[in-house]
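**Student:** For the sequence shown, this note's numbering puts the final residue at 388, and the numbers step up evenly by one.
Glycine residues also receive a C-beta, built at the ideal position from the N, C-alpha and C atoms.
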Amino acid sequence: VYKRQSFDYEERLRRPVGVEVDSEVTLAERYYHVVKSSSTLNKKQHEIELRPSVRETIVHRETLPEVIYAVDDYFRHDELELLRVPASSAAIDRLLPIEAVAVGSVYQPTREALTSLLTVSSVEMSDIRGEVVAITESNARIEFRGQVDGSIDGVPTVIRAVGKLTFDRVLGTCTWLAMGVHETREIGKAEPGFDVSAVIKMLRRPLDNTIALPGEPRLSIPAAIPQDRLYVDLRSDEIGFGALMDRRWRMMSDVPGLAMMRMIDRDRSIAQCDFRPLVNLEPGAQWTLEALQGDVRRTLDEQLEQFVEADQRVSDSGIRVLRVTAQGAVEGVPIQWVILHFSDDSGR
């Protein structure tokens with residue numbers, strides 16, 4: 041697979057109040073003007089672009105990998121993957137040496153700095169070394185190379201990197217990064233393993249005025265990550281439904297007659313959800329809660345021990361929802377089933 045990605049965005053970096061200017065960036069406001077990806081697989085071209093409704097974003101970096109959410113809408117999983125890059129612009133300055141250096145000086149970036157730059161969950165080992173290759177009145181140039189052993193959401197990964205960095209001594213920040221990355225990630229529950237090589241070119245420059253971001257920093261950004269912004273827009277093309285779900289849910293299979301999602305938490309599968317379309321009813325006809333319980337009883341048969349709860353409601357969009365929770369066991373393993381039946385006045 042060959043893939044090319046292009047990003048053009050403005051970013052306002054935020055640090056904790058009352059700390060040093062060069063402290064860790066814990067929050068960023070971003071507006072993506074251009075985010076698109078084109079890839080070629082078996083001579084077939086694939087294109088994906090960030091929707092306009094999710095281009096204004098907030099990035100939390102208190103814990104890593106960084107967490108991003110849109111201000112006005114909810115991401116799809118492919119959009120979240122599109123925004124995941126091997127180097128964070130908010131952490132590029134972390135690659136700099138923390139002691140005084142001269143031309144020829146060699147230093148080792150901290151594991152915390154590499155965790156922040158590479159936006160991984162952790163770095164267990166690293167032999168990456170940086171070398172100062174040139175210093176002028178206007179800038180300093182650094183070259184680095186080495187290997188990082190770490191993990192992303194519980195999945196082990198090995199990252200080999202070689203790159204160059206330019207630090208602008210007048211602006212007091214890094215303005216240019218070119219980095220080659222070779223990452224080998226093991227197979228996870230939610231994603232396949234992969235062996236990928238990438239070249240990253242990053243150019244940063246200060247803006248006199250914002251273009252699409254608010255002119256002043258947002259004062260209403262909560263210190264903690266708002267959980268109600270972390271839903272993901274999951275859709276089944278084959279069955280024809282969409283739902284806002286916890287980001288840990290992923291669409292694993294979508295074929296005619298059956299869609300299946302799984303919840304993956306730190307590379308552990310902890311729940312599964314199956315969707316099946318049923319035969320349409322006559323317009324105006326509805327299943328009763330008792331009929332649903334009877335159907336569940338016949339389906340689970342000896343596996344069923346008891347019904348825990350049963351209720352019904354009408355959603356804000358006018359869809360009637362029947363919900364039954366049952367407990368039982370499969371081959372001695374305790375199981376809880378949650379069965380929902382959706383219908384509308386047209387008989388769907």
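Taking DSSP as the reference, what is the three-state secondary structure of residue 197?
**Tutor:** Along the sequence shown, one-based indexing puts residue 197 at 157. For residue 197, the three-state secondary structure derived from DSSP is strand.
**Student:** Along the chain, which unbroken stretches of the alpha helix (DSSP H) at least 4 residues long are found entirely within the region 328 to 352?
**Tutor:** Positions of the alpha helix (DSSP H) runs, each at least 4 residues long and wholly inside the region 328 to 352, are given as 329 to 340 in order along the chain.
**Student:** Which parts of the region 108 to 139 are runs of the alpha helix (DSSP H), unbroken and 4 residues or longer, counting only runs that do not cross its ends?
**Tutor:** DSSP runs (the alpha helix (DSSP H)) wholly in the region 108 to 139: 117 to 123.
**Student:** Since I believe residue 121 is in contact with residue 94 (beta carbons under 8 Å), could you give me their beta-carbon distance rounded to a whole number of angstroms?
**Tutor:** Numbered from 1 along the sequence shown, position 54 holds the residue referred to as residue 94. Numbered from 1 along the sequence shown, position 81 holds the residue referred to as residue 121. Their Cβ separation, rounded to whole angstroms, is 13 Å, which puts residue 94 and residue 121 out of contact at 8 Å.
**Student:** Can you confirm whether the region 336 to 355 touches the region 317 to 327 when touching is taken to mean that 3 or more C-beta pairs between the two stretches lie within less than 8 Å?
**Tutor:** With the rule of 3 Cβ pairs closer than 8 Å, the region 317 to 327 does not count as touching the region 336 to 355.
**Student:** So, at 7 Å on beta carbons, what are the nonlocal neighbours of residue 133 in its own chain, with the 5 sequence-adjacent residues on each side left out?
**Tutor:** Counting from one through the sequence shown, the residue named residue 133 turns up at place 93. Contacts found: 213, 214.
**Student:** Based on the DSSP output, what are the partners of residue 311 in its beta bridges?
**Tutor:** Within the sequence shown, numbered from 1, the residue matching residue 311 stands at position 271. DSSP output for residue 311 lists 303 as bridge partner(s).
**Student:** Please report the residue range of the beta strand (DSSP E) in which residue 44 lies.
**Tutor:** Numbered from its first residue, the sequence shown carries residue 44 at position 4. Taken as a continuous stretch (DSSP letters only), the beta strand (DSSP E) holding residue 44 covers 42 to 54.
**Student:** Given residue 187, which residues of its chain have a CB within under 6 Å of its CB, disregarding the five upstream and five downstream residues?
**Tutor:** As a working mapping, residue 187 is identified with position 147 in the sequence shown. 167, 200.
**Student:** Please classify residue 205 as buried or exposed, where buried requires at least 16 other C-beta atoms within 10 Å of its C-beta.
**Tutor:** Numbered from its first residue, the sequence shown carries residue 205 at position 165. By the 10 Å Cβ count, residue 205 comes out buried.
**Student:** Does the beta-carbon distance from residue 221 to residue 296 come in below 7 Å?
**Tutor:** By one-based count along the sequence shown, residue 221 stands at place 181. By one-based count along the sequence shown, residue 296 stands at place 256. No, the Cβ-Cβ distance between residue 221 and residue 296 is not below 7 Å.
**Student:** In angstroms with no decimal places, state the Cα-to-Cα distance between residue 155 and residue 100.
**Tutor:** Locating residue 155 in the sequence shown gives position 115, where the first residue counts as 1. Locating residue 100 in the sequence shown gives position 60, where the first residue counts as 1. One C-alpha to the other measures close to 14 Å.
**Student:** Return yes when the Cβ of residue 279 is within less than 7 Å of the Cβ of residue 315, no when it is not.
**Tutor:** In the sequence shown, counting from the first residue as 1, residue 315 sits at position 275. In the sequence shown, counting from the first residue as 1, residue 279 sits at position 239. Yes, they are a contact pair.
**Student:** Sort 150, 208, 189 by Cα distance to residue 177 and report the nearest one.
**Tutor:** Looking up residue 177 in the sequence shown gives position 137. Of the listed residues, the one whose Cα sits closest to residue 177 is 208.
**Student:** Report the three-state DSSP secondary structure of residue 269 (helix, strand or coil).
**Tutor:** Translated into positions along the sequence shown, residue 269 becomes position 229. Residue 269: helix per DSSP, three-state reduction.
**Student:** Looking at C-alpha atoms only, which residue of 252, 266, 380 is the closest neighbour of residue 52?
**Tutor:** By one-based count along the sequence shown, residue 52 stands at place 12. Of 252, 266, 380, the residue nearest in Cα terms is 252.
**Student:** Quick one: residues in its chain with C-beta nearer than 6 Å to the C-beta of residue 311, no 5 flanking neighbours on either side, listed in chain order?
**Tutor:** As a position in the sequence shown, residue 311 is number 271, starting the count at 1. So the list reads 303, once near-sequence residues are dropped.
**Student:** Answer with buried or exposed for residue 281, where buried requires no fewer than 16 other C-beta atoms within 10 angstroms of its C-beta.
**Tutor:** Residue 281 sits at position 241 when you count from the first residue of the sequence shown. The residue in question, residue 281, is exposed, as its Cβ has fewer than 16 Cβ neighbours within 10 Å.
**Student:** According to the neighbour-count rule (16 or more other Cβ atoms, all chains shown, within 10 Å of its Cβ), is residue 225 buried or exposed?
**Tutor:** For the purposes of this step, residue 225 is taken as residue 185 along the sequence shown, with counting starting at 1. Residue 225 should be labelled buried.
**Student:** Taking 8 Å as the cut-off, does the region 263 to 276 touch the region 105 to 117 (at least 3 CB pairs, one atom from each stretch)?
**Tutor:** Yes, they touch.
**Student:** Would DSSP call residue 191 helix, strand or coil?
**Tutor:** Translated into the one-based positions of the sequence shown, residue 191 becomes position 151. If DSSP states are grouped into helix, strand and coil, residue 191 belongs with the strands.
**Student:** Taking residue 194 as the reference, which of 145, 210, 233, 185 has the closest Cα?
**Tutor:** Position 154 of the sequence shown, counted from the first residue, corresponds to residue 194. Minimum Cα distance to residue 194 is reached at 233.
**Student:** Would you say residue 362 faces chain B, with C-beta separation under 7 Å as the test?
**Tutor:** Of the chains in the structure shown, none is chain B; there is only one protein chain.
**Student:** Assign residue 371 to one of three DSSP states: helix, strand, or coil.
**Tutor:** On the sequence shown, residue 371 is found 331 positions in, with the first residue counted as 1. If DSSP states are grouped into helix, strand and coil, residue 371 belongs with coil.
**Student:** DSSP state of residue 164, grouped into three classes?
**Tutor:** Here residue 164 corresponds to residue number 124 of the sequence shown, with the count starting at 1. Strand.
**Student:** With a threshold of 8 Å on Cβ separation, who are the neighbours of residue 284 within its own chain once the five nearest residues in sequence on each side are excluded?
**Tutor:** Here residue 284 refers to the residue found at position 244 when the sequence shown is read from its first residue. Excluding the 5 residues flanking it on each side, residue 284 has same chain C-beta neighbours closer than 8 Å at 114, 271, 272, 273, 274, in chain order.
**Student:** Would you call the CB atoms of residue 241 and residue 263 closer than 7 Å?
**Tutor:** Sequence index remark: in the sequence shown, residue 241 carries index 201 (1-based). Sequence index remark: in the sequence shown, residue 263 carries index 223 (1-based). Their beta carbons are not under 7 Å apart, which means residue 241 does not touch residue 263 by this criterion.
**Student:** Tell me which same chain residues have a C-beta within less than 6 Å of the C-beta of residue 171, skipping the five on either side of it?
**Tutor:** As a working mapping, residue 171 is identified with position 131 in the sequence shown. Excluding positions up to five away in sequence, the list reads 146, 183.
**Student:** As a quick exercise: from 153, 190, 382, 211, pick the residue whose alpha carbon is nearest that of residue 223.
**Tutor:** Within the sequence shown, residue 223 is the residue found at index 183, counting from 1. Here the closest residue by C-alpha is 190.
**Student:** Using a 10 Å radius around the Cβ and a threshold of 16 neighbouring Cβ atoms, would you call residue 98 buried or exposed?
**Tutor:** Stepping through the sequence shown from its first residue, residue 98 is reached at position 58. By the neighbour-count rule (16 or more Cβ atoms within 10 Å), residue 98 is buried.
**Student:** With H, G and I counted as helix, E and B as strand and the rest as coil, what does DSSP make of residue 223?
**Tutor:** Counting from one through the sequence shown, the residue named residue 223 turns up at place 183. Reduced to three states, the DSSP call for residue 223 is strand.
**Student:** Return yes when the Cβ of residue 344 is within less than 7 Å of the Cβ of residue 352, no when it is not.
**Tutor:** As a position in the sequence shown, residue 352 is number 312, starting the count at 1. As a position in the sequence shown, residue 344 is number 304, starting the count at 1. No, Cβ-Cβ distance for residue 352 and residue 344 is not below 7 Å.
**Student:** If you follow the alpha helix (DSSP H) that residue 153 is in, where does it begin and where does it stop?
**Tutor:** Position 113 of the sequence shown, counting from 1, holds the residue named residue 153. Membership of residue 153 in the alpha helix (DSSP H) is indicated by the continuous run 151 to 158.
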